[in-house]
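Remarks on the structure that follows.
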Amino acid sequence: MPELPEVETIKNTLKELVIDKEIQDVTIHWPNIIKKPDDTELFRMMLKGQTFRDLGRKGKFILFYLDDYVLVSHLRMEGKYQVTPPDDPVDKHTHVIFSCTDGEELRYHDVRKFGTMHLFLKGEEFIHPPLNKLGPDPFENHFTFDYFYKKMKKTDRFVKIVLLDQAIVSGLGNIYVDEILFKAGVHPLSRASKLTKKEIRSIYEGCIETIDAAVKLGGTTIRSYVNSQGEMGMFQQNLFVYGQEDEPCQHCGQLILKMKVGGRGTHVCPACQKKRWYD
DNA sequence: GGAGTTGTTGTACC
DNA sequence: GGGTACAACAACTC
-14 MPELPEVETI KNTLKELVID KEIQDVTIHW PNIIKKPDDT ELFRMMLKGQ
36 TFRDLGRKGK FILFYLDDYV LVSHLRMEGK YQVTPPDDPV DKHTHVIFSC
86 TDGEELRYHD VRKFGTMHLF LKGEEFIHPP LNKLGPDPFE NHFTFDYFYK
136 KMKKTDRFVK IVLLDQAIVS GLGNIYVDEI LFKAGVHPLS RASKLTKKEI
186 RSIYEGCIET IDAAVKLGGT TIRSYVNSQG EMGMFQQNLF VYGQEDEPCQ
236 HCGQLILKMK VGGRGTHVCP ACQKKRWYD
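Numbering (my numbering), first residue to last: -14 to 264.
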């Protein structure tokens, strides 16, 4: 379940491997991955002859910049890219293969088949779903405290739900939201508008610092995540609450609790993250 | 075979 | 019409 730090790591390792490669052909084993254009044969024809010029990221999306198009890819829970020689045996969970003129292949692998690909003309990627309504991610200049503070103050939703809302801040998922709230000492069921300025600042800084620290460690490896070179991230050693249910809190020793918030598994230290009576 | 897993989209509602 | 809640959905593992 890659979130921003894992997607950033994948993008960076993949960039070295695919840049300047020209797509000779595209083989699609599971057409449902391709959301735009509707016609997968058109998808294939558009990509033939295009060269990878650059890679980018917005929130949890990877952007492959080609000559005339941008391929927008979301890995959802288990999507992976690998670059292989063509004689490598094709795994049954490989769904899209970009065969390049130098003989190597960029393969998209996804056990769950939940991932998506959208192909746009260059320059049009941000005016259509899925990128059109995304908020800033924590690394962008316009993710300012002032912006964040106003967004938090104008909604009564649970703070955890707000942090998961990609229109407010993009790139955060279940793991990092739980960690950010723990570090800020804020209970996930707090109403966003009721938070103090100090708490909002603490969460804001946590978004930037936690994500930055996770990127520096190559992301978090739980279950199956590895980068495009098959390496695991190391941030899982820095998790305080996610996946720590029934373990003692590293700050106070109380047992970490697992609960549901908005249907999502949520990890909380009942002592460090007090829920107040007026929340 | 039912529950658990997750992020996004569509829809109904106020 | 904006904000919100929630169901639906994708498909696989245990």
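From the three backbone atoms N, C-alpha and C, an ideal C-beta is built for every residue, glycine too.
All figures in this text were calculated on a predicted structure; none of them were measured in a lab.
Where Y93 falls: helix, strand or coil (DSSP): When DSSP states are grouped into helix, strand and coil, Y93 belongs to the strand group.
With respect to the beta strand (DSSP E) encompassing F133, which residues constitute its N-terminal and C-terminal limits? F133 -> not in any beta strand (DSSP E); alpha helix (DSSP H) instead, spanning 130 to 138.
Taking just the CA atoms, how far does V200 sit from S175? The alpha-carbon atoms of S175 and V200 are separated by roughly 28 Å.
Run through DSSP, which three-state label would V211 get? Bear in mind that the predicted position of V211 carries a pLDDT of just 48, short of 50, making it too unreliable to give a figure here.
Residues bridged to V55 by DSSP? Answer by DSSP bridge pairing, in chain order: Y50, F105.
Please check the pair E(-12) and Y161, which I expect to be a contact at CB under 8 Å, by giving their CB distance rounded to whole angstroms. Separation of the CB atoms of E(-12) and Y161 is rounded to 6 Å, and the pair is thereby assigned contact status at 8 Å.
Using a Cβ-Cβ cutoff of less than 6 Å, which residues in the same chain neighbour L148 once the five nearest sequence positions on both sides are dropped? Non-local beta-carbon contacts of L148 in its own chain, meaning distances under 6 Å to residues more than five positions away in sequence, involve L157, V162 in chain order.
Please report the distance separating the alpha-carbon of S155 from that of P123. Pairing S155 with P123, the inter-Cα distance amounts to about 7 Å.
Are the CB atoms of R38 and L306 within a distance shorter than 8 Å? The structure shown does not extend to residue 306, since the chain spans only -14 to 264, so no value can be given for it.
Do S58 and G100 have their C-beta atoms closer together than 8 Å? For S58 and G100, yes; Cβs fall inside 8 Å.
Rounded to a whole number of angstroms, what is the C-alpha to C-alpha distance between L60 and I(-5)? Whole-angstrom Cα-Cα distance: 10 Å.
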